[in-house]
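Listed in order, the protein sequences are those of chains A and B.
Quick note on this note's numbering: the first sequence kicks off at 4 and runs consecutively.
Quick note on this note's numbering: the second sequence kicks off at 55 and runs consecutively.
Worksheet: the structure to be examined is printed underneath.
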Amino acid sequence: MNNQATKSKIVLIGLDGAPFGLVDDLANRGVMPNFQALKKQAVFAQMQAPLPAVSAVSWSSIITGQNPGSHGIFGFTDLAPQSYDLVFPNFNDLQVPSFWQKYPKIKQVVLNVPSTYPVKPLNGIHIAGFVSPDIEQAVFPTNSLAKLRELKYEIDIDSYLAHRDIDLFLENLFQVNQARIAAYRYFWQESDWDIFWLVFTGSDRLGHFLYPAYANPNHQYHTAFLDYFKQVDLVIGEIAQQLCPHDGLLIFSDHGMTENKANINVNYFLQANGFLCLDKSPGEFYNQISPQSKAFALEPGRIYLNKKGKYPNGAVEKAQEEKVLQELSDAFLQLEFPPSFVPMGGTSAGKSQKVIERVARKEQIYSGQQIDRAPDLVLDEKPGFRLRAGLNKNELFDKDIFTGTHTANDAFLLVKPPSGVDIALASPKAEDIVGIIDKFIK
Amino acid sequence: MDRLTKLENESIYIIREAWSQFKKVALLWSIGKDSGTLLWLCRKAFFGKIPFPVMHLDTTYKFPEIYEFRDKYAKEWGLDLIVAKNNESIGAGMGPDKGTKLQCCNELKTDNLKKAIAQYGFRALYLAIRRDEHGIRAKERFFSPRENISFLWNYKDQPPELWDQYKTKAKDEEHLRIHPMLSWREIDIWEYIRRENIPMVSLYFAKNGKRYRSIGCAPCCNPIDSTADTLDKIVAELKASPTSERAGRAQDKENTYTMQKLRSLGYM
Chain A
4 MNNQATKSKI VLIGLDGAPF GLVDDLANRG VMPNFQALKK QAVFAQMQAP
54 LPAVSAVSWS SIITGQNPGS HGIFGFTDLA PQSYDLVFPN FNDLQVPSFW
104 QKYPKIKQVV LNVPSTYPVK PLNGIHIAGF VSPDIEQAVF PTNSLAKLRE
154 LKYEIDIDSY LAHRDIDLFL ENLFQVNQAR IAAYRYFWQE SDWDIFWLVF
204 TGSDRLGHFL YPAYANPNHQ YHTAFLDYFK QVDLVIGEIA QQLCPHDGLL
254 IFSDHGMTEN KANINVNYFL QANGFLCLDK SPGEFYNQIS PQSKAFALEP
304 GRIYLNKKGK YPNGAVEKAQ EEKVLQELSD AFLQLEFPPS FVPMGGTSAG
354 KSQKVIERVA RKEQIYSGQQ IDRAPDLVLD EKPGFRLRAG LNKNELFDKD
404 IFTGTHTAND AFLLVKPPSG VDIALASPKA EDIVGIIDKF IK
Chain B
55 MDRLTKLENE SIYIIREAWS QFKKVALLWS IGKDSGTLLW LCRKAFFGKI
105 PFPVMHLDTT YKFPEIYEFR DKYAKEWGLD LIVAKNNESI GAGMGPDKGT
155 KLQCCNELKT DNLKKAIAQY GFRALYLAIR RDEHGIRAKE RFFSPRENIS
205 FLWNYKDQPP ELWDQYKTKA KDEEHLRIHP MLSWREIDIW EYIRRENIPM
255 VSLYFAKNGK RYRSIGCAPC CNPIDSTADT LDKIVAELKA SPTSERAGRA
305 QDKENTYTMQ KLRSLGYM
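Here's what the structure looks like:
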C-alpha cells in the first residue's frame with residue numbers, strides 16, 4: 004500500500020454475481036477463511052439488486068447510488084428513441100454522476116467495474132470492466148496501457164470458450180484472474196489513492212456455466228469452482244491485512260445466482276397469447292414487430308407496451324394502456340412451469356408451479372427523471388427461472404448451456420466501517436453502497 | 055468489355071433511368087470515396103453538369119479536410135449544393151459524447167435526412183451504397199422504396215429486378231432510394247478512381263504510417279496502419295487486406311463486439 008498510512012482509505016471489493024448464500028457457505032466451510040474472519044468483525048447482510056437483476060443495471064446503481072429510474076440504465080440493451088433499433092447503453096448513457104465523478108478531489112483507482120466503458124478522465128486510474136470493446140477507451144490515463152499489456156491484462160474472460168470447451172474456459176478464467184490480481188497489486192503499490200475499487204467477474208462466469216459444480220462434490224469441476232473463490236479470498240485476506248482500523252472496507256456482489264431450472268421465453272409467451280405479432284416467424288429483429296402488437300420484451304424480462312407515437316408500428320392508444328397492462332400482468336402471473344417438461348438430461352420438475360413472483364409496474368420500482376424510458380412492466384421471476392427475450396424461439400420453456408441464472412434478492416454486502424463509524428444494515432439495496440461510502444468520508 | 059467499364063455503364067444507365075422518372079431527386083454526397091465516385095458518374099451521365107441538387111448531411115463533426123474538399127469541388131464543378139444540418143439537435147448539444155453513437159447518428163444523419171426530404175419534397179435519392187459493404191446490404195435493390203416517415207425498408211416486399219427491369223414508381227407515402235453502385239466492390243471503386251483520376255479527400259492517403267479506409271465523422275473514425283500514399287499503393291494494399299472496410303468505424307465495431315459478448319453470456 005502507498006505510504007500515507009495515516010490517511011483513511013476505503014476499499015471496495017466486488018464479486019460479480021456471487022450470491023449471499025454461497026459466500027456465507029464457503030466462508031463457513033473454510034473455503035474462504037479470510038472472508039469468514041471479516042464476517043465476525045463486520046456487518047454482513049443479504050442485499051437487494053435493482054430489477055432487472057443484471058450487471059449493467061446493478062453496477063450502475065452501485066456506482067451512482069441511484070435507482071434505474073434516475074441513472075437511466077435498464078439493461079444491457081435498449082431501443083433507440085422512436086425506433087426498434089437495438090442499442091447498447093454504456094457509461095456515456097449514465098444520466099447521473101458515478102461516485103468518482105461526484106468526488107473529483109478524492110483519488111481513486113477503479114479497476115474492472117462493469118458497464119463503465121468508455122472511461123472518462125478522473126482523479127486517478129480507471130480500467131473499465133466488461134463490456135469494453137476497445138481497450139484504448141477502457142483505460143485512463145492511457146499511459147497505464149503499457150503496464151497492463153506487460154501484465155497480459157484482459158478486460159474479461161472469453162465466455163465463448165465455455166460453449167465449446169469447459170477446460171479451456173477455466174484455463175482462461177484463472178489466467179484472467181491472475182492478471183487482474185497482478186494489476187490490482189501494481190496499482191495498489193504504485194499509485195496514490197484514497198479509494199480503491201476492485202471487481203472480480205469470474206464469480207459470475209462460473210455461476211453462468213458451472214453453477215451445479217458448486218454444491219456437488221462429485222462434479223467434475225467442483226474443485227475448480229472452489230479454487231476460484233479461494234483465490235479471491237486470498238486477495239481479500241491480503242487487502243484486509245494491509246488496512247488500518249481507521250480504513251473502511253466493503254465487499255459485495257451486484258446480484259445473486261442460482262441453478263437454472265429452465266428458460267422462459269418471454270417474447271414467445273407474448274406471441275402465443277396474442278400480445279406480440281411479428282411479420283416473420285421465427286423473428287430476428289425488433290423492426291419485425293407488426294402494428295397489431297400490443298407489447299414486446301427486451302432482455303431479460305422487461306415488457307414494453309407498443310405505444311402509438313412512441314414506436315414506428317406503435318398500436319396501443321393512451322386510453323388502452325391500463326387495460327393492456329392489467330391483461331399482461333394477469334397473464335404472466337398465471338404462467339406455470341409444466342410438470343411434463345423435462346430439462347435436457349434432467350428429471351421431471353414434478354408439480355407445476357407459478358414462475359413469476361411479481362409483475363412490477365415501472366412506477367412501483369423506479370423513480371426519477373428517466374422513468375419515461377423505463378420498461379412499462381418488469382417481471383420478477385421465481386428463483387431458478389431464467390427470463391429470455393429472443394424473438395426466434397418456438398417454445399415457451401427451454402434449456403441451454405447456461406446452468407446458472409441471476410437472482411435479485413440475494414446479493415450480499417459486507418461492511419467493515421472505519422473505527423468510530425457505526426453502520427447498521429437493515430435490508431440494504433445496491434444503491435445504498437454510495438451512501439455508506441459517503442458516511443465513511445464524512 | 056473490362057469490368058470497370060461494365061460497372062460504369064450499368065451505373066450510368068440507372069442514373070439516367072432514375073432521372074427520367076423523377077425530377078425531384080437529389081444525390082447524397084458524404085464526400086467519401088463511394089459518393090465521390092457516384093458524383094463523378096453523375097457528371098459523366100449528364101455530360102459535366104448535374105441537373106439535380108447534391109446534398110451533404112452535415113453533422114458538424116466531419117473532418118476539416120472534408121469541408122474543404124466539399125467547398126472547393128462544389129464550386130469547381132458547379133454543383134447545386136444543399137448543406138443539410140439538424141440545427142435543433144446540434145443546438146441541444148447532440149454529439150458523439152452525448153448519448154450513444156447510434157443516437158447521435160440517428161439525430162444528426164437520419165432525422166436530418168428526414169427533415170431535408172420533407173423540406174425539399176424529394177421523391178428519390180441517389181446513394182452510393184454497395185452490396186459488399188455489409189451482409190444486410192446484399193439484399194438491396196437498385197430501386198428501393200422507403201417509407202417517408204419511418205424510413206422503413208421492407209426487404210421482404212421488394213420488387214424483383216430481373217433482366218434489368220426496374221420498378222421506378224413510388225407510392226405517395228414513399229420515396230425511392232436509387233443505388234446505381236450496388237454491384238461495385240471496394241477494390242472496383244479504387245481502381246476506377248485510379249483509372250479516371252477522380253479527386254479524393256487527402257485523408258485516404260497515408261501520412262505518418264496511418265490512413266483512413268472509411269471516412270465520416272472525426273470522433274467515430276479510426277485510421278488504419280498503412281503506408282499507402284498513392285492510388286497504386288491503396289489498390290495493392292486492398293488486394294492484400296484480410297479485414298473489412300468498416301473495421302475502423304467505431305459504431306459498427308463496438309456494436310458487433312458488444313453483441314457477441316452479450317451473446318456469449320446469454321444476455322441476447
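Quick reminder that beta carbons are idealized off the backbone N, C-alpha and C, glycines included.
For clarity, every value in this text was computed on a predicted model and none was experimentally measured.
{"Item": "Proximal residues to V142 of chain A (C-beta, below 6 Å), its chain only, five neighbours per side dropped", "Value": "I130 and L148"}
{"Item": "Simplified DSSP state of M4 of chain A, which is helix, strand or coil", "Value": "With a pLDDT of 40 at M4 of chain A, under the threshold of 50, the modelled position of that residue is not reliable, and no figure is offered here."}
{"Item": "9 Å Cβ cutoff, L18 of chain A in contact with chain B", "Value": "no"}
{"Item": "Helix, strand or coil at G102 of chain B [DSSP, three-state]", "Value": "coil"}
{"Item": "Check whether Y115 of chain B and P214 of chain B have beta carbons under 9 Å apart", "Value": "no"}
{"Item": "Per DSSP, cross-strand counterpart(s) of P199 of chain B", "Value": "B:L230"}
{"Item": "Local conformation of L399 of chain A per DSSP, three classes", "Value": "coil"}
{"Item": "D435 of chain A versus G149 of chain B: straight-line alpha-carbon distance, rounded", "Value": "33 Å"}
{"Item": "CB-CB length for E161 of chain B against N140 of chain B, believed under 8 Å", "Value": "6 Å"}
{"Item": "DSSP three-state assignment for G78 of chain A, whether helix, strand or coil", "Value": "coil"}
{"Item": "Exposure label - G277 of chain A; buried when at least 16 CB within 10 Å", "Value": "exposed"}
{"Item": "Touching by the beta-carbon criterion (3+ pairs, under 8 Å), the stretch 65-79 of chain A and the stretch 90-108 of chain A", "Value": "yes"}
{"Item": "Where Q373 of chain A falls: helix, strand or coil (DSSP)", "Value": "coil"}
{"Item": "Euclidean distance between Cα positions of L133 of chain B and E122 of chain B", "Value": "15 Å"}
{"Item": "CB of A231 of chain A within 9 Å of CB of N180 of chain A, strictly", "Value": "Note that residue 231 of chain A is Tyr in the sequence shown, not Ala. Yes, they are a contact pair."}
{"Item": "Residue from A:P341, A:F405, A:G33 and A:F38 with nearest C-alpha to I254 of chain A", "Value": "A:F38"}
{"Item": "Backbone secondary structure at H409 of chain A - three-state DSSP", "Value": "strand"}
{"Item": "Three-pair Cβ contact test at 8 Å for the stretch 256-274 of chain A versus the stretch 404-413 of chain A", "Value": "yes"}
{"Item": "Contact with chain B by H166 of chain A, beta-carbon distance below 9 Å", "Value": "yes"}
{"Item": "Anticipated Cβ contact below 8 Å, L428 of chain A with A243 of chain A, distance rounded", "Value": "Not quite, the Cβ-Cβ distance comes to about 19 Å (not below 8 Å), so this is no contact."}
{"Item": "I453 of chain A at chain B interface by Cβ criterion, 9 Å", "Value": "The question about residue 453 of chain A has no answer here: the residues shown for chain A are numbered 4 through 445."}
{"Item": "Cβ-based burial, M35 of chain A [other Cβ within 10 Å; buried from 16]", "Value": "buried"}
{"Item": "Buried or exposed (CB count within 10 angstroms, at least 16 for buried), I404 of chain A", "Value": "exposed"}
{"Item": "Beta-carbon separation (whole angstroms), L338 of chain A vs D379 of chain A, contact threshold 8 Å", "Value": "The Cβ separation is near 18 Å, so there is no contact."}
{"Item": "Exposed unless 16 or more other CB atoms sit within 10 angstroms - verdict on E308 of chain B", "Value": "buried"}
{"Item": "Test: N5 of chain A CB closer than 9 Å to a CB of chain B", "Value": "Any reading at N5 of chain A must be qualified, since the residue scores a pLDDT of 42, below 50, and its modelled position is unreliable; no value is offered."}
{"Item": "Distance between P248 of chain A and M4 of chain A (C-alpha atoms, nearest Å)", "Value": "Confidence at M4 of chain A is low in this model, with a pLDDT of 40, below 50, so its placement is unreliable and no value can be given for it."}
{"Item": "Three-state class that DSSP yields for G277 of chain A in the structure shown", "Value": "coil"}
{"Item": "Where the beta strand (DSSP E) containing T261 of chain A begins and where it ends", "Value": "G259 to E262"}
{"Item": "Bounding residues of the alpha helix (DSSP H) (the contiguous stretch that carries Q178 of chain A)", "Value": "I169 to E193"}
{"Item": "Within the stretch 131-161 of chain A, ranges of the alpha helix (DSSP H) (whole runs, at least 4 residues)", "Value": "148-153"}
{"Item": "Any 3 or more C-beta pairs closer than 8 Å across the stretch 231-245 of chain B and the stretch 170-185 of chain B", "Value": "yes"}
{"Item": "Same chain only: Cβ atoms within 6 Å of R391 of chain A, ignoring 5 sequence neighbours per side", "Value": "N266 and N268"}
{"Item": "Span of the beta strand (DSSP E) around E130 of chain B", "Value": "From DSSP, E130 of chain B is part of no beta strand (DSSP E) but of the alpha helix (DSSP H) over P118 to E130."}
{"Item": "Beta-carbon proximity of F388 of chain A to F340 of chain A, cut-off 9 Å", "Value": "yes"}
{"Item": "Helix, strand or coil at N251 of chain B [DSSP, three-state]", "Value": "coil"}
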